[in-house]
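Protein chains in written order, with this note's numbering: chain A, 499 to 775; chain B, 11 to 349.
Heads up, the beta-carbon is just placed ideally off N, CA and C, and yes, glycines get one too.
What follows is a set of notes on a single structure, which appears directly below.
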Amino acid sequence: MENIYKPYLMEIKEIIDETPDTRTLRLQFKSEEDKKRFSFKAGQFAEYSVFGEGECTFCIASPPTRMDFIECSFKQVGKVTNALRRLNVGDTVGFRGPYGNWFPVEEMRGKNIVFIAGGIGLAPVRSVILNVLDRRKEFRDITIIYGARTVSDLVYKRELEEWQSRNDIRTVVTVDPGGETPDWKGEIGFVPTIVERISPKGENAVSIICGPPIMIKFTLPIMMKLGFKEDNIITTLENRMKCGLGKCGRCNIGNIYVCKDGPVFSYSQLKGLPQEY
Amino acid sequence: MEEYVISLEGIKGLLENLTREGFNIYAPSKNNDRFVKVKDIDEVALFPDRRPTDISAKECLFPKCEPVFYYKREKNNVEIVDIDPNGNKVLFGLKPCDAASFTIIHKVFNWDYKDKFYNKRFDNSLIIGLACTYLDDYCFCTSVGLSPVSTVGSDILLVRLSDVSFGVIVITDKGGQLVKRYPQLFEKGEPTKSKQVLDSIGGPARKFDHKKVKEWLDNNFETDFFNSIGDICVGCGQCTFVCPTCHCFDIVDEDYLYSEGRRMKNWDGCQFYLFTLHASGHNPRDTQYKRYRQRVNHKFKYYVDRFQEVLCTGCGRCSRGCPVSIDIGDIVSRISKLS
Numbered sequence: 499m500e501n502i503y504k505p506y507l508m509e510i511k512e513i514i515d516e517t518p519d520t521r522t523l524r525l526q527f528k529s530e531e532d533k534k535r536f537s538f539k540a541g542q543f544a545e546y547s548v549f550g551e552g553e554c555t556f557c558i559a560s561p562p563t564r565m566d567f568i569e570c571s572f573k574q575v576g577k578v579t580n581a582l583r584r585l586n587v588g589d590t591v592g593f594r595g596p597y598g599n600w601f602p603v604e605e606m607r608g609k610n611i612v613f614i615a616g617g618i619g620l621a622p623v624r625s626v627i628l629n630v631l632d633r634r635k636e637f638r639d640i641t642i643i644y645g646a647r648t649v650s651d652l653v654y655k656r657e658l659e660e661w662q663s664r665n666d667i668r669t670v671v672t673v674d675p676g677g678e679t680p681d682w683k684g685e686i687g688f689v690p691t692i693v694e695r696i697s698p699k700g701e702n703a704v705s706i707i708c709g710p711p712i713m714i715k716f717t718l719p720i721m722m723k724l725g726f727k728e729d730n731i732i733t734t735l736e737n738r739m740k741c742g743l744g745k746c747g748r749c750n751i752g753n754i755y756v757c758k759d760g761p762v763f764s765y766s767q768l769k770g771l772p773q774e775y
Numbered sequence: 011m012e013e014y015v016i017s018l019e020g021i022k023g024l025l026e027n028l029t030r031e032g033f034n035i036y037a038p039s040k041n042n043d044r045f046v047k048v049k050d051i052d053e054v055a056l057f058p059d060r061r062p063t064d065i066s067a068k069e070c071l072f073p074k075c076e077p078v079f080y081y082k083r084e085k086n087n088v089e090i091v092d093i094d095p096n097g098n099k100v101l102f103g104l105k106p107c108d109a110a111s112f113t114i115i116h117k118v119f120n121w122d123y124k125d126k127f128y129n130k131r132f133d134n135s136l137i138i139g140l141a142c143t144y145l146d147d148y149c150f151c152t153s154v155g156l157s158p159v160s161t162v163g164s165d166i167l168l169v170r171l172s173d174v175s176f177g178v179i180v181i182t183d184k185g186g187q188l189v190k191r192y193p194q195l196f197e198k199g200e201p202t203k204s205k206q207v208l209d210s211i212g213g214p215a216r217k218f219d220h221k222k223v224k225e226w227l228d229n230n231f232e233t234d235f236f237n238s239i240g241d242i243c244v245g246c247g248q249c250t251f252v253c254p255t256c257h258c259f260d261i262v263d264e265d266y267l268y269s270e271g272r273r274m275k276n277w278d279g280c281q282f283y284l285f286t287l288h289a290s291g292h293n294p295r296d297t298q299y300k301r302y303r304q305r306v307n308h309k310f311k312y313y314v315d316r317f318q319e320v321l322c323t324g325c326g327r328c329s330r331g332c333p334v335s336i337d338i339g340d341i342v343s344r345i346s347k348l349s
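Here you go:
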């Protein structure tokens, strides 16, 4: 029987500082065998560990169409994320996964897609965006709306620029009022306001929304007004997790386990959950 | 089901033989606080009328703290050394409420991903139950589908017939093989005799319908019912630690040398604030009543929804040991009357 708590060993190949407190690690499997065995889908998460400090849970921020590296982005907040920040290129981290369900990318084929993200919420969405862009022809119109509190809080800046320069997708980047710099050329306003201004059509469309709860709360009514169906509004939930395997007992919301039944949920599923998240 | 009779001496002989086979015997300790490894077989006592041990037999298969692997750091590299739990165990003299707990938590440890630590220990264990005649105000096994004479979870169940003889009910193949290995110790018994004793045991006075509890919980998440309990509960979590079916755990690293350490799986409990605290500071179960609501729901609703089993064997430990006298049996029997 396999040891389900034993992680793969990964080497840090590159460190990218996204914002003053958010960092992306580019990881590579140390063993070729592990690399061959590993596969995942956009939206799934994993347990990353620093040996001697412990494990923590982030989504896989890179797409399944680019398997040379696994990328994760994290904010420095707790014990393990602080320890992760102390690591350098060439150091070893543990990686357990992939866990949970995924975004319904196959069902999104032939449809318009609207990505809406706030802050570090772009990380799980980025996995799908890159996945969809790598298979661009299978999807119709793609709109990306991304916002952060200030210009310096925007993550994946180099990719945002690349997406903005493409003419087969529409990318709108915004910062909260007061968060702009003198030379800021993007939008200024909260994400829900910008969504309303841009008004993507809900017909034959799927929307993926990730970000702080307050952003999601105010964006949802606008999406309903725009004609998106509840089943076609998709988001992710987060809860504290330890095992990721449906055993350690803490990530449940009512009788669903975020680690097994989630982290991806549709708005209609979300409405059926008790208010305990 | 086959039935035999074994004498008190025969039981001692059986345990001696099993020790010789390489089994470690686990039985209630002298002061009845927990199941411990038996050093002297003469000390093993069979009292069906003694109260359940303070801590359940769960820890024999799912220890409070256990390493899941060792690691060694060397410059940039890390080496992982896997661990396999080994050793054969006999869990001896379990009350039916303890034996049944393994059947219940077996499901969560085998749900999709199999936990080898629990499973290997379970596969290498022999569970010998003992029909129970201890009934107090906290017991409610008959309300959760079990009974003092339930065979669920045991490989063989012993029934005390007199001071010196015990009926033996064979339940599983593992139990049957044991009898076959030592035929000289077992006499063919009259099936009626054990049954007479079993029938005379009866059940605890507290009685409610667990289906009614679920029915009410299904429709009442937002409720004032748990508020007053949350005010009383001090959140010490002893109820989760003595429980034979609570299975929540934490995963933490422990360095024991500068460059070496182990990753541990430690018991954890839903009554603690830190259990669900996010790194951001947000906590979905930030007050005690929410954590108590979680415990009752997990046991009587969520686990039933997912595994069709009540996550409770009615042993009453949580109530017997509660420092502020919260009685979960009383709480759920009150709930059962609400629906």
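Distance between beta carbons of residue j and residue i, contact taken as under 8 Å
i      : j      : result
B/V189 : A/G552 : Rounded, the Cβ-Cβ distance is 47 Å, inconsistent with contact.
B/K99  : B/R131 : 7 Å
B/I138 : B/I179 : Going by Cβ atoms, the distance from B/I138 to B/I179 rounds to 11 Å, so no, they are not a contact pair.
A/I692 : A/P675 : Their Cβ separation, rounded to whole angstroms, is 11 Å, which puts A/I692 and A/P675 out of contact at 8 Å.
B/N293 : B/T286 : 6 Å
A/F538 : A/Y546 : 14 Å between Cβ atoms; not a contact.
B/F72  : B/H257 : 7 Å
A/S560 : A/L628 : 7 Å
A/A703 : A/N730 : 7 Å
B/R60  : B/D147 : At roughly 16 Å, the Cβ-Cβ gap does not stay under 8 Å, so B/R60 and B/D147 are not in contact.
CB contact flag (residue i, residue j, <8 Å)
i      : j      : result
A/G550 : A/K758 : no
A/E774 : A/I751 : yes
A/C623 : A/I611 : Per the sequence presented here, residue 623 of chain A reads as Val, with Cys not at that position. No, the Cβ-Cβ distance between A/V623 and A/I611 is not below 8 Å.
A/K740 : B/D125 : no
B/V15  : B/S135 : no
A/F601 : A/T641 : no
A/G588 : A/G709 : no
A/E512 : A/R521 : no
B/N96  : A/M499 : no
B/P58  : B/A141 : yes
B/F45  : B/E76  : no
A/V689 : A/T717 : yes
Where residue i meets chain B, residues with beta-carbon distance less than 9 Å
i      : result
A/T590 : R83, N86, N87, V88
A/L507 : N87, V88, E89, I90
Proximal residues of chain A, C-beta to C-beta of residue i below 9 Å
i      : result
B/W121 : L743, G744, K745, K758
B/C280 : G747, R748
B/Q333 : Checking the displayed sequence, the identity of residue 333 of chain B turns out to be Pro instead of Gln. Under the 9 Å cutoff, chain A gives no residues; its nearest Cβ is about 23 Å from B/P333.
B/K300 : E774
B/D337 : By Cβ distance, chain A contributes nothing, its closest Cβ being about 23 Å from B/D337, past 9 Å.
Which listed residue (the options) has its alpha carbon closest to that of residue i
i      : options                        : result
A/I558 : A/K533, A/S571, A/G752         : A/S571
B/S343 : B/T143, B/G279, B/G324         : B/G324
B/Q206 : B/G186, B/T113, B/G177, B/E197 : B/G177
A/N586 : B/N96, B/N87, B/K105, B/G186   : B/N87
B/N42  : B/P62, B/D52, B/F33            : B/P62
A/K577 : A/C554, A/Y503, A/R656         : A/C554
A/K533 : A/Y503, A/D515, A/D519, A/R564 : A/R564
B/L195 : B/E13, B/D52, B/G23            : B/G23
A/A646 : A/I732, A/T679, A/P596         : A/T679
B/E19  : B/Q318, B/V54, B/V78, B/G339   : B/V54
B/V48  : B/I35, B/F235, B/Y268, B/K198  : B/I35
A/E530 : A/D519, A/G541, A/L507, A/F543 : A/L507
A/I502 : B/K198, B/H116, B/N120         : B/N120
B/Q318 : B/P106, B/H220, B/D94, B/T29   : B/H220
A/V548 : A/E509, A/T517, A/F536, A/V671 : A/E509
B/D6   : B/L56, B/R330, B/R272          : The question about residue 6 of chain B has no answer here: the residues shown for chain B are numbered 11 through 349.
Chain-ordered chain A contacts of residue i [CB-CB under 7 Å]
i      : result
B/L287 : R738
B/D125 : I502, K745
Partners in chain B for residue i, counting only beta-carbon separations shorter than 7 Å
i      : result
A/P772 : F231
A/P753 : A quick correction: the sequence has Asn, not Pro, at residue 753 of chain A. Per Cβ cutoff of 7 Å: K311, Y312, D315, R316.
A/E551 : D263
Contacts that residue i makes with chain A (C-beta to C-beta distance below 8 Å)
i      : result
B/N129 : M499
B/H257 : K745, G747
B/G5   : Here chain B covers residues 11 to 349 and nothing more, so residue 5 of chain B does not appear.
B/K275 : Y503
B/F79  : N501, Y503, K504
Chain-ordered chain B contacts of residue i [CB-CB under 8 Å]
i      : result
A/V575 : A289, S290
- Item | Within the segment 509 to 588 of chain A, ranges of the alpha helix (DSSP H) (whole runs, at least 4 residues) | 530 to 535, 577 to 584
- Message: Quick check for students: name the residue ranges of the beta strand (DSSP E) that lie wholly in the segment 87 to 162 of chain B, counting only runs of 3 or more.
- Response: Counting whole runs of 3 or more residues, the segment 87 to 162 of chain B contains the beta strand (DSSP E) stretches 87 to 92, 98 to 104, 135 to 140.
- Message: Which runs of the beta strand (DSSP E) at least 3 residues long sit entirely within the segment 621 to 705 of chain A? Give them in chain order.
- Response: 640 to 646, 668 to 673
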